[in-house]
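Data block below; observations after.
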Amino acid sequence: MTNPYLAHIPPERLEALRKEDQRPLIIGVAISFTVLAFISVVLRCFTRIKLSRNCGYEDGLIALSMAFSAGMAACQIMQAKYGAGIHSIFFTGLPQLMNYVKYIYFSVLAYRTSLCLTRVSILLQYRRIFTLREMRIPIYIIMGICIGYGIASVSVDAFGCRPIDAFWDFRKRPTAKCIDHVPVYYANAGINVLCDLLVAALPVKSIWSLPLPIKQKAVVLGILTLGWFVCVVSILRLHSLVVLTDHPEDASWYSVASVYWMSVETNLAIVCASVPALKPLVISLGGGRYRNNSGIREPGASLPLRSHNSPGMMDVGARDHSPGVAVDHIAELPKARRKSAPLDDEYHNELREQVWRTWDKQLNTEHTSESQKDLVSVNEAHHPAHH
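Each residue of the sequence shown is one higher than the one before, counting from 1 in full-length UniProt numbering.
Put into C-alpha coordinates, the structure is as follows:
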(Lines of atoms letter the chains of each structure in order from A; the text may use other names.)
(Lines give C-alpha, C1' and ligand atoms only; values in the text may rest on other atoms or scores of the structure.)
Protein backbone atom coordinates (compact mmCIF):
# COMPACT_ATOMS: atom_id res chain seq x y z
CA MET A 1 0.00 0.00 0.00
CA THR A 2 1.35 3.44 -0.95
CA ASN A 3 0.74 6.72 0.78
CA PRO A 4 -2.08 8.62 -1.03
CA TYR A 5 -0.35 11.87 -0.11
CA LEU A 6 2.35 11.05 -2.69
CA ALA A 7 -0.07 11.88 -5.51
CA HIS A 8 -0.08 15.53 -4.45
CA ILE A 9 3.72 15.97 -4.66
CA PRO A 10 5.34 16.99 -7.97
CA PRO A 11 7.33 14.09 -9.48
CA GLU A 12 10.68 15.93 -9.41
CA ARG A 13 10.20 16.88 -5.75
CA LEU A 14 9.13 13.34 -4.93
CA GLU A 15 12.22 11.91 -6.58
CA ALA A 16 14.46 14.30 -4.62
CA LEU A 17 12.82 13.28 -1.34
CA ARG A 18 13.17 9.61 -2.21
CA LYS A 19 16.93 10.02 -2.67
CA GLU A 20 17.29 11.50 0.82
CA ASP A 21 18.26 8.59 3.02
CA GLN A 22 19.93 8.77 6.45
CA ARG A 23 19.73 5.07 7.22
CA PRO A 24 23.44 4.46 6.48
CA LEU A 25 24.26 7.20 9.02
CA ILE A 26 22.16 5.53 11.73
CA ILE A 27 23.65 2.11 11.08
CA GLY A 28 27.22 3.40 10.76
CA VAL A 29 27.14 5.36 14.03
CA ALA A 30 25.44 2.53 15.91
CA ILE A 31 27.95 -0.08 14.78
CA SER A 32 31.12 2.01 15.04
CA PHE A 33 30.47 3.43 18.51
CA THR A 34 29.21 0.11 19.85
CA VAL A 35 32.35 -1.63 18.60
CA LEU A 36 34.50 1.11 20.16
CA ALA A 37 32.76 0.70 23.52
CA PHE A 38 33.00 -3.09 23.29
CA ILE A 39 36.75 -2.90 22.69
CA SER A 40 37.19 -0.60 25.69
CA VAL A 41 35.23 -2.99 27.92
CA VAL A 42 37.20 -6.02 26.71
CA LEU A 43 40.48 -4.20 27.38
CA ARG A 44 39.21 -3.12 30.78
CA CYS A 45 38.24 -6.66 31.74
CA PHE A 46 41.57 -8.00 30.49
CA THR A 47 43.43 -5.38 32.52
CA ARG A 48 41.44 -6.05 35.68
CA ILE A 49 41.66 -9.84 35.44
CA LYS A 50 45.16 -10.41 34.05
CA LEU A 51 47.19 -7.38 35.16
CA SER A 52 45.76 -5.80 38.28
CA ARG A 53 43.86 -8.95 39.28
CA ASN A 54 41.30 -6.77 40.95
CA CYS A 55 37.79 -7.02 39.55
CA GLY A 56 35.02 -5.18 41.32
CA TYR A 57 31.30 -4.57 41.07
CA GLU A 58 31.97 -1.59 38.81
CA ASP A 59 33.53 -3.90 36.22
CA GLY A 60 30.51 -6.18 36.23
CA LEU A 61 28.16 -3.22 35.88
CA ILE A 62 30.06 -1.80 32.93
CA ALA A 63 29.95 -5.19 31.20
CA LEU A 64 26.19 -5.33 31.80
CA SER A 65 25.87 -1.78 30.49
CA MET A 66 27.73 -2.88 27.37
CA ALA A 67 25.20 -5.67 26.84
CA PHE A 68 22.32 -3.19 26.94
CA SER A 69 24.21 -0.86 24.61
CA ALA A 70 24.61 -3.70 22.11
CA GLY A 71 20.88 -4.38 22.39
CA MET A 72 20.17 -0.72 21.74
CA ALA A 73 22.38 -0.81 18.63
CA ALA A 74 20.47 -3.83 17.32
CA CYS A 75 17.17 -2.00 17.86
CA GLN A 76 18.47 1.09 16.08
CA ILE A 77 19.52 -0.99 13.08
CA MET A 78 16.02 -2.47 13.00
CA GLN A 79 14.58 1.05 13.24
CA ALA A 80 16.53 1.93 10.11
CA LYS A 81 15.21 -1.21 8.42
CA TYR A 82 11.63 -0.17 9.12
CA GLY A 83 11.89 3.48 8.16
CA ALA A 84 14.09 5.58 10.45
CA GLY A 85 16.10 7.89 8.23
CA ILE A 86 13.61 8.18 5.37
CA HIS A 87 10.70 10.57 5.01
CA SER A 88 7.44 9.47 6.58
CA ILE A 89 5.52 9.77 3.31
CA PHE A 90 7.33 6.67 2.05
CA PHE A 91 5.99 4.39 4.79
CA THR A 92 4.00 1.67 3.07
CA GLY A 93 1.44 0.94 5.76
CA LEU A 94 0.55 0.31 9.38
CA PRO A 95 2.67 -2.86 9.85
CA GLN A 96 5.84 -0.99 8.89
CA LEU A 97 4.96 1.91 11.19
CA MET A 98 4.21 -0.44 14.09
CA ASN A 99 7.54 -2.24 13.72
CA TYR A 100 9.35 1.08 13.50
CA VAL A 101 7.77 2.36 16.74
CA LYS A 102 8.24 -0.99 18.51
CA TYR A 103 12.00 -0.83 18.04
CA ILE A 104 12.00 2.77 19.24
CA TYR A 105 10.35 1.53 22.44
CA PHE A 106 12.97 -1.14 23.15
CA SER A 107 15.94 1.02 22.12
CA VAL A 108 14.90 3.75 24.58
CA LEU A 109 14.61 1.22 27.42
CA ALA A 110 18.06 -0.17 26.62
CA TYR A 111 19.46 3.36 26.39
CA ARG A 112 18.21 4.43 29.81
CA THR A 113 19.29 1.19 31.48
CA SER A 114 22.78 1.31 29.99
CA LEU A 115 23.35 4.92 31.06
CA CYS A 116 22.18 4.21 34.61
CA LEU A 117 24.52 1.22 34.94
CA THR A 118 27.45 3.22 33.55
CA ARG A 119 26.92 6.07 36.01
CA VAL A 120 26.76 3.69 38.96
CA SER A 121 29.93 1.98 37.72
CA ILE A 122 31.76 5.32 37.60
CA LEU A 123 30.54 6.24 41.08
CA LEU A 124 31.70 2.89 42.48
CA GLN A 125 35.11 3.61 41.01
CA TYR A 126 35.08 6.99 42.78
CA ARG A 127 34.20 5.17 46.02
CA ARG A 128 37.33 3.05 45.71
CA ILE A 129 39.52 6.06 45.02
CA PHE A 130 38.23 8.47 47.67
CA THR A 131 38.24 6.88 51.11
CA LEU A 132 37.31 9.86 53.28
CA ARG A 133 33.80 9.91 54.70
CA GLU A 134 33.37 13.54 53.61
CA MET A 135 33.82 12.46 50.01
CA ARG A 136 31.92 9.21 50.15
CA ILE A 137 28.72 10.82 51.41
CA PRO A 138 28.28 12.89 48.20
CA ILE A 139 29.12 9.78 46.17
CA TYR A 140 26.31 7.83 47.84
CA ILE A 141 23.88 10.74 47.46
CA ILE A 142 24.56 11.11 43.73
CA MET A 143 24.47 7.34 43.31
CA GLY A 144 21.03 7.31 44.92
CA ILE A 145 19.87 10.08 42.58
CA CYS A 146 21.16 8.24 39.51
CA ILE A 147 19.65 4.90 40.54
CA GLY A 148 16.33 6.49 41.48
CA TYR A 149 16.16 8.40 38.22
CA GLY A 150 17.15 5.31 36.25
CA ILE A 151 14.40 3.19 37.79
CA ALA A 152 11.82 5.96 37.39
CA SER A 153 12.68 6.74 33.77
CA VAL A 154 12.72 3.08 32.71
CA SER A 155 9.41 2.48 34.51
CA VAL A 156 7.70 5.47 32.90
CA ASP A 157 8.91 4.51 29.43
CA ALA A 158 8.09 0.83 29.91
CA PHE A 159 4.59 1.36 31.30
CA GLY A 160 3.65 4.56 29.49
CA CYS A 161 0.76 2.76 27.83
CA ARG A 162 -1.76 0.27 29.19
CA PRO A 163 -1.68 -2.26 27.68
CA ILE A 164 2.06 -1.97 27.08
CA ASP A 165 1.94 -2.95 23.40
CA ALA A 166 -0.43 -0.08 22.69
CA PHE A 167 2.71 2.04 22.49
CA TRP A 168 3.40 0.58 19.03
CA ASP A 169 0.14 -1.17 18.16
CA PHE A 170 -1.95 1.80 17.05
CA ARG A 171 -5.00 -0.40 16.61
CA LYS A 172 -5.26 -0.53 20.42
CA ARG A 173 -4.78 3.20 20.96
CA PRO A 174 -8.51 4.12 20.97
CA THR A 175 -9.15 2.02 24.08
CA ALA A 176 -5.67 2.24 25.64
CA LYS A 177 -4.45 4.68 28.27
CA CYS A 178 -1.16 6.36 27.28
CA ILE A 179 0.70 9.27 28.80
CA ASP A 180 1.84 12.21 26.71
CA HIS A 181 5.40 11.13 25.91
CA VAL A 182 6.66 14.49 24.60
CA PRO A 183 6.98 16.22 28.01
CA VAL A 184 8.34 12.96 29.45
CA TYR A 185 11.11 12.91 26.84
CA TYR A 186 11.97 16.53 27.61
CA ALA A 187 12.02 15.91 31.36
CA ASN A 188 14.14 12.78 30.96
CA ALA A 189 16.60 14.57 28.69
CA GLY A 190 16.97 17.45 31.15
CA ILE A 191 17.47 15.20 34.18
CA ASN A 192 19.85 13.11 32.10
CA VAL A 193 22.07 16.14 31.53
CA LEU A 194 21.92 16.99 35.25
CA CYS A 195 23.01 13.48 36.27
CA ASP A 196 25.91 13.57 33.83
CA LEU A 197 27.02 16.93 35.22
CA LEU A 198 26.83 15.69 38.82
CA VAL A 199 28.91 12.59 38.06
CA ALA A 200 31.50 14.52 36.05
CA ALA A 201 31.85 17.36 38.57
CA LEU A 202 31.96 15.21 41.71
CA PRO A 203 35.74 14.61 41.96
CA VAL A 204 36.86 18.06 40.79
CA LYS A 205 36.98 19.82 44.17
CA SER A 206 38.62 16.89 45.96
CA ILE A 207 41.34 16.43 43.36
CA TRP A 208 42.01 20.14 43.12
CA SER A 209 42.55 20.30 46.90
CA LEU A 210 45.38 17.76 46.73
CA PRO A 211 48.87 19.23 47.27
CA LEU A 212 50.00 18.53 43.71
CA PRO A 213 51.36 20.82 40.99
CA ILE A 214 48.66 22.24 38.74
CA LYS A 215 49.87 20.22 35.76
CA GLN A 216 49.50 16.97 37.70
CA LYS A 217 46.05 17.97 38.93
CA ALA A 218 44.99 18.74 35.37
CA VAL A 219 46.17 15.33 34.17
CA VAL A 220 44.36 13.49 36.96
CA LEU A 221 41.19 15.52 36.40
CA GLY A 222 41.41 14.83 32.69
CA ILE A 223 41.57 11.10 33.32
CA LEU A 224 38.79 10.92 35.91
CA THR A 225 36.40 13.48 34.40
CA LEU A 226 36.21 12.35 30.80
CA GLY A 227 32.48 12.33 31.44
CA TRP A 228 32.34 16.00 30.50
CA PHE A 229 32.32 14.85 26.89
CA VAL A 230 29.20 12.83 27.67
CA CYS A 231 27.58 15.97 29.12
CA VAL A 232 28.13 17.77 25.81
CA VAL A 233 26.57 14.89 23.90
CA SER A 234 23.59 14.87 26.30
CA ILE A 235 22.98 18.53 25.54
CA LEU A 236 23.22 17.88 21.80
CA ARG A 237 20.69 15.10 22.12
CA LEU A 238 18.35 17.41 24.04
CA HIS A 239 18.58 19.88 21.15
CA SER A 240 17.76 17.10 18.69
CA LEU A 241 14.57 16.37 20.64
CA VAL A 242 13.56 20.02 20.30
CA VAL A 243 14.03 19.81 16.53
CA LEU A 244 12.05 16.55 16.42
CA THR A 245 9.04 17.95 18.28
CA ASP A 246 8.96 20.89 15.84
CA HIS A 247 8.46 18.44 12.92
CA PRO A 248 5.98 15.78 14.06
CA GLU A 249 4.71 15.36 10.51
CA ASP A 250 8.05 13.81 9.43
CA ALA A 251 9.28 12.19 12.63
CA SER A 252 11.10 9.33 10.93
CA TRP A 253 13.38 11.83 9.19
CA TYR A 254 13.89 14.36 11.98
CA SER A 255 14.40 11.70 14.66
CA VAL A 256 17.70 10.59 13.12
CA ALA A 257 19.84 13.00 15.16
CA SER A 258 18.20 11.82 18.37
CA VAL A 259 18.87 8.19 17.40
CA TYR A 260 22.56 8.56 16.67
CA TRP A 261 23.20 10.88 19.64
CA MET A 262 21.71 8.15 21.84
CA SER A 263 24.29 5.74 20.48
CA VAL A 264 27.14 8.21 20.85
CA GLU A 265 26.16 9.15 24.41
CA THR A 266 25.71 5.60 25.65
CA ASN A 267 28.89 4.19 24.16
CA LEU A 268 31.04 7.23 24.87
CA ALA A 269 29.99 7.00 28.52
CA ILE A 270 31.17 3.38 28.58
CA VAL A 271 34.50 4.34 27.00
CA CYS A 272 35.00 7.21 29.47
CA ALA A 273 34.25 4.86 32.37
CA SER A 274 36.76 2.30 31.08
CA VAL A 275 39.73 4.48 30.15
CA PRO A 276 40.94 5.18 33.73
CA ALA A 277 41.15 1.43 34.38
CA LEU A 278 43.48 0.85 31.41
CA LYS A 279 46.60 2.40 32.95
CA PRO A 280 48.31 -0.95 33.74
CA LEU A 281 47.74 -2.04 30.15
CA VAL A 282 49.17 1.22 28.79
CA ILE A 283 52.24 0.76 31.00
CA SER A 284 52.66 -2.82 29.79
CA LEU A 285 52.34 -1.87 26.12
CA GLY A 286 54.76 1.02 26.63
CA GLY A 287 57.51 -1.31 27.76
CA GLY A 288 57.04 -0.71 31.47
CA ARG A 289 56.32 -3.38 34.06
CA TYR A 290 53.12 -3.49 36.05
CA ARG A 291 53.18 -5.69 39.12
CA ASN A 292 50.42 -6.17 41.64
CA ASN A 293 52.52 -6.67 44.76
CA SER A 294 49.70 -8.16 46.75
CA GLY A 295 48.02 -10.47 44.28
CA ILE A 296 44.26 -10.32 44.52
CA ARG A 297 43.03 -7.44 46.62
CA GLU A 298 40.97 -8.22 49.65
CA PRO A 299 37.95 -5.91 50.13
CA GLY A 300 38.46 -3.20 52.69
CA ALA A 301 42.26 -3.33 52.86
CA SER A 302 43.71 0.02 51.94
CA LEU A 303 46.74 2.20 52.39
CA PRO A 304 45.69 5.78 53.14
CA LEU A 305 48.00 8.62 52.29
CA ARG A 306 48.63 11.74 54.33
CA SER A 307 49.54 15.09 52.84
CA HIS A 308 52.61 17.09 53.84
CA ASN A 309 53.65 20.64 53.17
CA SER A 310 55.95 19.73 50.30
CA PRO A 311 54.19 20.59 47.05
CA GLY A 312 53.19 17.52 45.10
CA MET A 313 54.30 15.08 47.80
CA MET A 314 52.31 12.92 50.17
CA ASP A 315 53.62 10.68 52.91
CA VAL A 316 52.71 7.03 53.23
CA GLY A 317 51.32 5.26 56.23
CA ALA A 318 50.31 1.62 56.19
CA ARG A 319 47.53 -0.36 57.71
CA ASP A 320 47.91 -3.76 59.25
CA HIS A 321 50.21 -6.00 57.19
CA SER A 322 48.81 -9.23 58.58
CA PRO A 323 49.65 -12.37 56.60
CA GLY A 324 47.13 -13.01 53.85
CA VAL A 325 45.79 -9.46 53.89
CA ALA A 326 46.50 -7.68 50.62
CA VAL A 327 47.29 -3.99 50.65
CA ASP A 328 45.69 -1.54 48.29
CA HIS A 329 47.12 1.91 47.57
CA ILE A 330 44.42 4.54 47.65
CA ALA A 331 44.83 8.29 47.44
CA GLU A 332 42.97 9.98 50.23
CA LEU A 333 42.32 13.63 50.73
CA PRO A 334 44.40 15.66 53.19
CA LYS A 335 43.83 15.07 56.91
CA ALA A 336 43.23 11.36 56.48
CA ARG A 337 43.83 9.37 59.65
CA ARG A 338 46.05 6.30 59.52
CA LYS A 339 46.65 3.20 61.58
CA SER A 340 50.23 2.65 62.54
CA ALA A 341 52.34 -0.18 61.18
CA PRO A 342 55.97 -0.26 60.10
CA LEU A 343 56.95 -0.52 56.47
CA ASP A 344 59.40 -3.27 55.67
CA ASP A 345 62.50 -2.30 53.69
CA GLU A 346 61.54 -4.00 50.46
CA TYR A 347 58.10 -2.46 50.47
CA HIS A 348 59.48 0.97 51.30
CA ASN A 349 62.10 0.77 48.56
CA GLU A 350 59.40 0.00 46.03
CA LEU A 351 57.33 2.95 47.19
CA ARG A 352 60.27 5.31 46.92
CA GLU A 353 60.56 4.53 43.23
CA GLN A 354 57.01 5.73 42.53
CA VAL A 355 57.38 9.45 41.98
CA TRP A 356 54.30 10.44 40.10
CA ARG A 357 54.96 13.27 37.61
CA THR A 358 52.64 13.14 34.61
CA TRP A 359 50.70 10.51 32.76
CA ASP A 360 53.36 10.26 30.04
CA LYS A 361 56.21 9.75 32.50
CA GLN A 362 54.27 6.97 34.21
CA LEU A 363 54.79 4.77 31.18
CA ASN A 364 58.41 4.12 32.24
CA THR A 365 57.82 3.80 35.98
CA GLU A 366 57.49 0.59 38.00
CA HIS A 367 54.21 0.40 39.85
CA THR A 368 53.09 -1.82 42.66
CA SER A 369 49.32 -1.67 42.72
CA GLU A 370 46.20 -0.56 40.92
CA SER A 371 45.15 2.75 39.44
CA GLN A 372 44.12 4.49 42.67
CA LYS A 373 47.79 5.47 43.21
CA ASP A 374 47.57 7.84 40.30
CA LEU A 375 46.45 10.67 42.52
CA VAL A 376 49.62 11.07 44.59
CA SER A 377 53.40 11.19 44.67
CA VAL A 378 55.48 9.50 47.32
CA ASN A 379 58.43 11.21 48.94
CA GLU A 380 61.67 9.45 49.68
CA ALA A 381 62.00 10.22 53.38
CA HIS A 382 61.12 7.72 56.13
CA HIS A 383 58.23 8.84 58.32
CA PRO A 384 56.84 7.02 61.35
CA ALA A 385 53.20 6.05 61.06
CA HIS A 386 50.69 8.11 63.03
CA HIS A 387 47.32 7.57 64.50
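Quick reminder that beta carbons are idealized off the backbone N, C-alpha and C, glycines included.
The structure presented is a predicted model; accordingly, all values stated were derived computationally and were not measured.
Would DSSP call residue i helix, strand or coil?
{"i": "arginine 53", "result": "coil"}
{"i": "glutamate 15", "result": "helix"}
{"i": "proline 10", "result": "coil"}
{"i": "glutamate 20", "result": "coil"}
{"i": "glycine 324", "result": "Because the pLDDT at glycine 324 is just 30, under 50, the model does not fix this residue reliably, and the value given afterwards should be weighed accordingly. Residue state, collapsed to three classes: coil."}
As a quick exercise: from the options, pick the residue whose alpha carbon is nearest that of residue i.
{"i": "alanine 74", "options": "Ile26, Ile142, Ile235", "result": "Ile26"}
{"i": "serine 274", "options": "Ser40, Gly150, Ala80", "result": "Ser40"}
{"i": "leucine 281", "options": "Pro11, Leu51, Gln22, Asp21", "result": "Leu51"}
{"i": "arginine 119", "options": "Met143, Ile104, Phe130", "result": "Met143"}
{"i": "proline 24", "options": "Leu17, Gln79, Arg53, Ala63", "result": "Gln79"}
{"i": "tyrosine 111", "options": "Gly60, Ile86, Gln76", "result": "Gln76"}
{"i": "alanine 176", "options": "Arg237, Ile145, Ala189, Cys161", "result": "Cys161"}
{"i": "leucine 268", "options": "Gln96, Leu238, Val35, Ile151", "result": "Val35"}
{"i": "serine 209", "options": "Gly286, Met135, Arg128, Met72", "result": "Met135"}
{"i": "methionine 72", "options": "Cys45, Ser107, Arg237", "result": "Ser107"}
{"i": "isoleucine 151", "options": "Ile129, Ile191, Val243", "result": "Ile191"}
{"i": "leucine 94", "options": "Ile164, Ser32, Arg171, Ile31", "result": "Arg171"}
{"i": "arginine 237", "options": "Thr266, Val219, Pro248", "result": "Thr266"}
{"i": "isoleucine 31", "options": "Gly286, Met262, Leu285", "result": "Met262"}
{"i": "glutamine 22", "options": "Ala251, Ser284, Ile283", "result": "Ala251"}
{"i": "phenylalanine 130", "options": "Leu198, Val204, Pro163", "result": "Val204"}
{"i": "valine 219", "options": "Lys279, Val233, Leu198", "result": "Lys279"}
{"i": "phenylalanine 33", "options": "Ile270, Ser284, Ile283, Pro11", "result": "Ile270"}
On the premise that residue j lies in contact with residue i, defined as a C-beta separation below 8 Å, what is that separation, rounded to the nearest angstrom?
{"i": "alanine 37", "j": "serine 69", "result": "6 Å"}
{"i": "leucine 9", "j": "tryptophan 253", "result": "For the sequence presented, residue 9 should be read as isoleucine rather than leucine. Actually they do not touch by this definition, with Cβ atoms about 15 Å apart."}
{"i": "phenylalanine 18", "j": "phenylalanine 90", "result": "In the sequence as presented, phenylalanine is not what sits at residue 18; that position holds arginine. 7 Å between Cβ atoms; contact."}
{"i": "threonine 245", "j": "valine 182", "result": "6 Å"}
{"i": "cysteine 45", "j": "alanine 63", "result": "7 Å"}
When you compare the CB positions of residue i and residue j, do they come within less than 8 Å of one another, or not?
{"i": "glutamate 231", "j": "valine 264", "result": "In the sequence under discussion, the amino acid at residue 231 is cysteine, which differs from the glutamate named in the question. Taking 8 Å as the Cβ cut-off, cysteine 231 and valine 264 do not qualify as a contacting pair."}
{"i": "aspartate 169", "j": "methionine 98", "result": "yes"}
{"i": "tyrosine 260", "j": "valine 29", "result": "yes"}
{"i": "leucine 241", "j": "tyrosine 185", "result": "yes"}
{"i": "leucine 117", "j": "serine 65", "result": "yes"}
{"i": "tyrosine 82", "j": "tyrosine 105", "result": "no"}
{"i": "leucine 109", "j": "alanine 158", "result": "yes"}
{"i": "arginine 53", "j": "alanine 277", "result": "no"}
{"i": "isoleucine 207", "j": "leucine 221", "result": "yes"}
{"i": "cysteine 272", "j": "cysteine 195", "result": "no"}
{"i": "isoleucine 139", "j": "leucine 123", "result": "yes"}
{"i": "serine 114", "j": "glutamate 58", "result": "no"}
{"i": "alanine 200", "j": "threonine 225", "result": "yes"}
{"i": "alanine 166", "j": "cysteine 178", "result": "yes"}
{"i": "tyrosine 126", "j": "leucine 61", "result": "no"}
{"i": "glycine 56", "j": "arginine 128", "result": "yes"}
{"i": "serine 255", "j": "alanine 67", "result": "no"}
Does any C-beta atom of chain C lie closer than 8 Å to the C-beta of residue i?
{"i": "proline 183", "result": "Chain labels in this structure do not include chain C; a single protein chain is all it has."}
Any heavy atom of the ligand GDP inside 7 Å of the beta-carbon of residue i?
{"i": "cysteine 45", "result": "Absence of the ligand GDP is noted for the structure shown, with no ligands found whatsoever."}
Problem set entry | alpha helix (DSSP H) segments (min. 4 residues) lying fully within the segment 217 to 259 | 227 to 245, 251 to 254
Exercise. What are the complete alpha helix (DSSP H) segments, minimum 4 residues, inside the segment 171 to 217?
Worked result: 181 to 201, 204 to 208
For this session: Go through the segment 82 to 113 residue by residue and report every complete run of the alpha helix (DSSP H) that reaches 4 residues or more, in order.
Result: none
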